[in-house]
Structure formats: structure tokens, C-alpha cells
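Have a look at the structure below, then the notes.
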Amino acid sequence: MPSSEGGSGDQSNYKIELKKNIKNPCLTNIIDVLLKNNLEIELTRKLLDPFVSTNGININIVEISNPDPSLLGWSKALSLNNFEIQINTNFFESKSKDYIASAIVHEFAHVFLKYSIQQGNISPQSDTHKTLLDNYMSTMYQMIKNYNYNLSDETINSMILTGMAAFLNAPSDINSEELKDYFNEVILKNNFSLDSTSPNYYQNLTLDHIRGTFGNICN
Ligand SMILES: [Zn+2]
53 MPSSEGGSGD QSNYKIELKK NIKNPCLTNI IDVLLKNNLE IELTRKLLDP
103 FVSTNGININ IVEISNPDPS LLGWSKALSL NNFEIQINTN FFESKSKDYI
153 ASAIVHEFAH VFLKYSIQQG NISPQSDTHK TLLDNYMSTM YQMIKNYNYN
203 LSDETINSMI LTGMAAFLNA PSDINSEELK DYFNEVILKN NFSLDSTSPN
253 YYQNLTLDHI RGTFGNICN
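For the numbering used here, add 52 to where a residue sits in the sequence shown, where the first one is 1.
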């Protein structure tokens, strides 16, 4: 049983507190499953071990309504140990719950990265998606797998990389050529069994989830 108190060894040295402020029933369901299957166990035992000492970390998840359906939301640091993930429910339309969960996991990875930067473990200049992949690819994979064990490795990895490919059009991040090159590195490093290194390939693989023609969708 996951516990922040009375645990053995290092587990008693920190806490993670996830505050929720969510009304949308579909988001509530996704977050509940994600937390139940994942966060209490995986976050505390595996993800935060390298970072957290004694102060704990608070992650507040809030629901927003932005008219742009392509915007999932974002994460931000409120203070040294307090973070907020904002989720846009207009992003949900027609997408599978699995895909929405993978997008939320992406935002969690941003929190981990911001936390590492605030702890001085990663340089502030490295707050990019490249660093996100470098450091949290396996973490994101595990969190999505724990959300739904029925998802294939290829689907999960494609969802993760689709999240990155979405930034091909974001000039503020690394440019598309760099990202394409980096995809190749990631594929090789992780021994993925994918037969293409094109970002479009991953988007195509996840299209059924993005369009909601595969998996459960939010009503
Ligand atoms: Zn991102």
C-alpha cells in the first residue's frame, strides 16, 4: 500500500501532495485512474527519489476552459515546491481518454523538469522538450503504461513523441530539424521497434486516439 508515512527506508523522508480542483467528470475520471494506478506508487518510489529530500512537493491540478482546442494546458512553478498544472477541457473533444492521459503525463514531466531545475540539478537554459525526452522518456512511458496496461509499447511511445511533434510548429522551442534529428537519437537509444523516424509517423500512429475512433472518448 502506498504511504507517505510509516514507510520503510527513504519513503518516509518526503511527501507528495496532489491537490485537485476539478469539476469536469471526464477529467476527474482520468486523473483518478492516473493517480490511483501511478502517482502514489510510481511517483514516490521511482520518480521523485532522485529529487525530493524532506520538504515534499505539491502539484495542484486545475481545470481551465480555453477556446483553443489544440491547447491542452501548461504547467508552472508557483514556488520552490509548489507547482500547478492547468488542463484545458476544450482539448478533450473527440480525443481518446488514453491520449488525454498521455498529454497530462506530458505536463507532469514538465513539472518534474521544473522541479529539477529549481533544485539546481538541471540548468534553467535546458527547460526544453529535448531535455524532457532526455530525462523523462521512460518515466512518461511507465506512467502511461500504468494508466492503461492494454496500450502497446508502440502506441505509448508514439503518444509521447506526438506530444513532442506538436511542437514542430513552436519556434520558441528547438526547431523542427533539430527535433527530427533528436527523434532518431531517441529511437536508437530506446531500441524502439518503429520503422520510421519521422514525427509524422508518430502522429499517424496516434491519429485514431486523436480523432477518438479508437479507445473511449469523453462525452
Ligand atoms: Zn510540453
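Quick reminder that beta carbons are idealized off the backbone N, C-alpha and C, glycines included.
With a threshold of 16 other CB atoms inside 10 Å of the CB of residue i, please say whether the residue is buried or exposed.
| i | result |
| --- | --- |
| Tyr275 | This structure gives no information on residue 275, because the portion of the chain shown stretches from 53 to 271. |
| Lys147 | buried |
| Ser131 | exposed |
| Thr214 | buried |
| Pro223 | Any reading at Pro223 needs caution, since the residue's pLDDT is 42, under 50, leaving its predicted position unreliable; the model's value is listed next. Pro223 comes out exposed. |
| Phe219 | Since pLDDT at Phe219 reaches only 49, below the 50 mark, its modelled position is unreliable, and the value read off the structure follows with that caveat. Phe219 should be labelled buried. |
| Ser122 | exposed |
| Tyr201 | exposed |
| Thr80 | exposed |
| Ser204 | exposed |
| Ser154 | buried |
Look up residue i in the DSSP assignment and give the residues it is bridged to.
| i | result |
| --- | --- |
| Ser148 | Ile269 |
| Asn110 | Glu69, Asn134 |
| Glu115 | Ile139 |
| Lys128 | Glu136 |
Which residues in the same chain have their Cβ closer than 6 Å to the Cβ of residue i, if we skip the five residues on either side of it in sequence?
| i | result |
| --- | --- |
| Asp260 | Phe266 |
| Asn76 | Glu115, Thr141 |
| Met195 | Asn90, Val157 |
| Asn134 | Asn110 |
| Gly59 | Here Gly59 scores only 37 on pLDDT, less than 50, and its place in the model is too uncertain to base an answer on. |
Under 8 Å Cβ to Cβ from residue i, same chain only, skipping five residues before and after it: list those, please.
| i | result |
| --- | --- |
| Pro176 | Ile169 |
| Ile174 | Leu165, Ser168, Thr183, Asn187 |
Report all residues from its chain with a CB closer than 7 Å to the CB of residue i; omit the five preceding and five following residues, and keep chain order.
| i | result |
| --- | --- |
| Ile262 | Lys147, Tyr151 |
| Lys72 | Ile83, Ile113 |
Cβ contact (3+ pairs, closer than 8 Å) linking the stretch 122-130 and the stretch 153-162: Here the stretch 122-130 makes contact with the stretch 153-162; the two share three or more CB pairs at distances below 8 Å.
Uninterrupted beta strand (DSSP E) stretches inside the stretch 183-216 (no shorter than 3 residues): Entirely contained in the stretch 183-216, not one beta strand (DSSP E) run reaches 3 residues.
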